[in-house]
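Just so you know, the numbering used here puts 901 at position 100 of the sequence shown, and the rest follows in order with no gaps.
In this text, a Cβ means the ideal position worked out from N, Cα and C, and glycines have one as well.
Since the structure is predicted, the reported quantities are computational estimates derived from the model, not experimental observations.
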Amino acid sequence: MAPDQADVEKRLRILEDAEAIRNLQGRFWLAADGVFGTGPTHDYEAMVDTFTEDGTWILPGPMTENGPIEGVEAHGGEELLACFKIPHERQPISMHVGAAPIIEVDGGDTARGRWKLLGMMTAPTGQSFWAGALYDVAYRRTDQGWRIETCTVVLQFNTPFDGNGWGDVRFVPLARHLVNQ
Numbered sequence: 802m803a804p805d806q807a808d809v810e811k812r813l814r815i816l817e818d819a820e821a822i823r824n825l826q827g828r829f830w831l832a833a834d835g836v837f838g839t840g841p842t843h844d845y846e847a848m849v850d851t852f853t854e855d856g857t858w859i860l861p862g863p864m865t866e867n868g869p870i871e872g873v874e875a876h877g878g879e880e881l882l883a884c885f886k887i888p889h890e891r892q893p894i895s896m897h898v899g900a901a902p903i904i905e906v907d908g909g910d911t912a913r914g915r916w917k918l919l920g921m922m923t924a925p926t927g928q929s930f931w932a933g934a935l936y937d938v939a940y941r942r943t944d945q946g947w948r949i950e951t952c953t954v955v956l957q958f959n960t961p962f963d964g965n966g967w968g969d970v971r972f973v974p975l976a977r978h979l980v981n982q
């Protein structure tokens, strides 16, 4: 029995929505990193534009070998803009690589995505380091298309690029510059 037209259209819309969400998340990370050597880095306004007007960014502070690091939470455009500027001004180079997305579109105007992130970063001291995180993101369809409603980023590790990396040191002391204002 052939599927009915309404079912095919619904399934197609879910696939198109999931692809739009992948592109949205990619635009966020591209804006966070910029285009090194050929363009500006850290386009804060473009980062904020990927969020709903009342969007929320949550970066809980991780528990490190030296104790907890204070987390960050920002709500709405102005707070998001200020929040995104702080670590990037202290972190001159970053490259976010999002992978293994699990995107669940409800068939309406909301969706949820979970991503793994591997980041290659440079601290203000010039030290290169790796960062690993899990992104848990709520998305909402708006008049401007899909936007991030809430993004929670749980840092898994932040470790030196050289040596044995996270095999020896899970969180380097410079991790505080990522989350403290």
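In terms of residue numbering, what span does the alpha helix (DSSP H) encompassing residue i cover?
i    : result
A832 : Q806 to D834
A847 : Y845 to D850
Who are the Cβ neighbours of residue i in its own chain at under 6 Å, not counting the five residues just before and after it?
i    : result
E879 : none
A847 : A832
What number of angstroms, rounded off, separates the C-alpha of residue i from the C-alpha of residue j?
i    : j    : result
R977 : K917 : Because the pLDDT of R977 is 49, which lies under 50, any placement of that residue in the model is unreliable, and the question is left without a value.
Y845 : G946 : 19 Å
L816 : G908 : 10 Å
G933 : L813 : 33 Å
Q957 : P861 : 11 Å
M922 : T960 : 10 Å
F885 : D834 : 11 Å
V954 : A803 : 43 Å
Buried or exposed for residue i, please, with buried defined as at least 16 other CB atoms from any protein chain shown within 10 angstroms of its CB.
i    : result
E854 : exposed
I949 : buried
N824 : exposed
V809 : exposed
G927 : exposed
Could you give the first and the last residue of the continuous beta strand (DSSP E) run that contains residue i?
i    : result
A901 : I894 to V906
A912 : T911 to T923
G933 : S929 to T943
Name the DSSP beta bridge partners of residue i, please?
i    : result
I859 : E874 and T953
T960 : W931
In its own chain, which residues sit with a C-beta less than 7 Å from the C-beta of residue i, not counting the 5 before and 5 after it?
i    : result
G872 : L860, P861, G862 and V980
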